[in-house]
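S.K.:
Below, the structure written as structure tokens:
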């Protein structure tokens with residue numbers, strides 16, 4: 066089509082994920098956004114497992130052909146939504162880590178990230194549902210892995226500044242594990258009731274060491 070171009074995302078392993086049709090002209094962009102808006106409404110109402118392409122066609126007043134030009138399957142819709150939410154999450158992480166200059170402020174930054182991510186997933190039930198669906202979807206797993214590596218590299222950059230005497234491989238291992246544990250805590254908390262979730266995040270923050278760099282001290 067004249068107003069579209071096919072693009073693919075590349076994982077760190079080098080595999081090309083299935084391309085989606087990204088519109089360039091206004092009419093195409095409006096249709097693209099309408100599809101995502103309808104899908105979001107359906108996921109909010111019924112959950113990601115119950116999302117059907119036929120319902121999107123009906124509620125968005127489109128043909129199947131028009132839908133498949135942009136999204137060949139449900140997974141591609143989930144992936145687009147996940148990537149958009151991930152952009153917001155990355156901005157949160159980068160902003161918090163920008164304030165870390167020593168052990169104390171680094172710990173405070175990690176606590177802030179946990180609080181903000183938890184609040185984010187409470188306010189975005191669609192993303193929470195997609196996040197939980199990641200375990201059963203290979204494409205979402207790839208997107209999640211890419212996102213986790215972004216966070217780990219952002220944390221590594223700070224760790225190298227705060228702990229210049231530590232070996233980089235050790236700091237990288239620490240950065241990756243620290244972000245995995247943070248994400249696991251948030252996912253666990255998001256699966257609980259609101260009060261229980263806040264308590265879980267508070268407990269996670271208490272478990273953070275005062276000086277995370279000591280975990281990889283020579």
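In the working numbering, the protein residues as written are 66 to 283.
Note that the Cβ used here is the ideal one computed from N, Cα and C, for glycine as well.
1. Three or more C-beta pairs closer than 8 Å, one from the segment 154 to 161 and one from the segment 135 to 146: is that the case here?
2. Where are the alpha helix (DSSP H) runs, 4 residues long or more, that stay fully inside the segment 175 to 212, in chain order?
3. Are at least three pairs of beta-carbons, each pair with one atom in the segment 213 to 220 and one in the segment 234 to 242, less than 8 Å apart?
4. In whole angstroms, what is the alpha-carbon distance linking residue 124 and residue 131?
5. Residue 95 to residue 135, Cα distance in whole Å?
6. Using DSSP with H/G/I as helix, E/B as strand and the rest coil, what is residue 139?
7. On the criterion of 16 or more Cβ atoms from any shown chain inside 10 Å, does residue 207 qualify as buried, or is it exposed?
8. So is residue 268 buried or exposed if we call it buried at 16+ other beta carbons inside 10 Å?
9. Please identify the residue among 151, 279, 92, 182 whose C-alpha is closest to the C-alpha of residue 232.
10. Within a Cβ cutoff of 7 Å, which residues of the same chain sit near residue 194, ignoring the five residues on either side of it in sequence?
11. In whole angstroms, give me the CA-to-CA distance for residue 188 and residue 255.
12. Ordered along the chain, which non-local residues of its own chain (more than five positions away) have a Cβ less than 6 Å from that of residue 209?
13. If you run the structure through DSSP and keep just helix, strand and coil, what is residue 264?
14. Helix, strand or coil: how does DSSP classify residue 171 here?
15. By the DSSP assignment, the alpha helix (DSSP H) with residue 241 in it spans what residues?
16. Quick one: what does DSSP say residue 162 is sitting in, helix, strand or coil?
17. With distances taken Cα to Cα, identify the nearest neighbour of residue 248 among 103, 261, 119, 182.
18. Spatial neighbours of residue 252 within its chain, please: C-beta separation below 7 Å, excluding the five flanking residues on both sides.
19. Hey, out of 226, 212, 116, 106, whose CA is closest to residue 165's CA?
20. Is DSSP giving residue 84 helix, strand or coil here?
21. According to DSSP, is residue 67 helix, strand or coil?
22. Is it buried or exposed, residue 272, if we count other Cβ atoms within 10 angstroms and call 16 or more buried?
23. Could you give the DSSP three-state label for residue 90: helix, strand or coil?
M.R.: Reading off the structure:
1. no
2. The alpha helix (DSSP H) runs of length 4 or more contained entirely in the segment 175 to 212 are, from start to end of the chain, 190 to 198.
3. yes
4. 13 Å
5. 12 Å
6. helix
7. buried
8. exposed
9. 279
10. 108, 112, 113
11. Rounded to the nearest angstrom, the two C-alpha atoms are 10 Å apart.
12. 199
13. helix
14. helix
15. 233 to 255
16. helix
17. 182
18. 196
19. 226
20. Since pLDDT at residue 84 reaches only 40, below the 50 mark, its modelled position is unreliable, and the value read off the structure follows with that caveat. Residue state, collapsed to three classes: coil.
21. Unreliable positioning characterises residue 67 in this predicted model, as indicated by a pLDDT of 37, which lies under 50. The coordinate reading is nonetheless provided below. Correct three-state label for residue 67: coil.
22. exposed
23. coil
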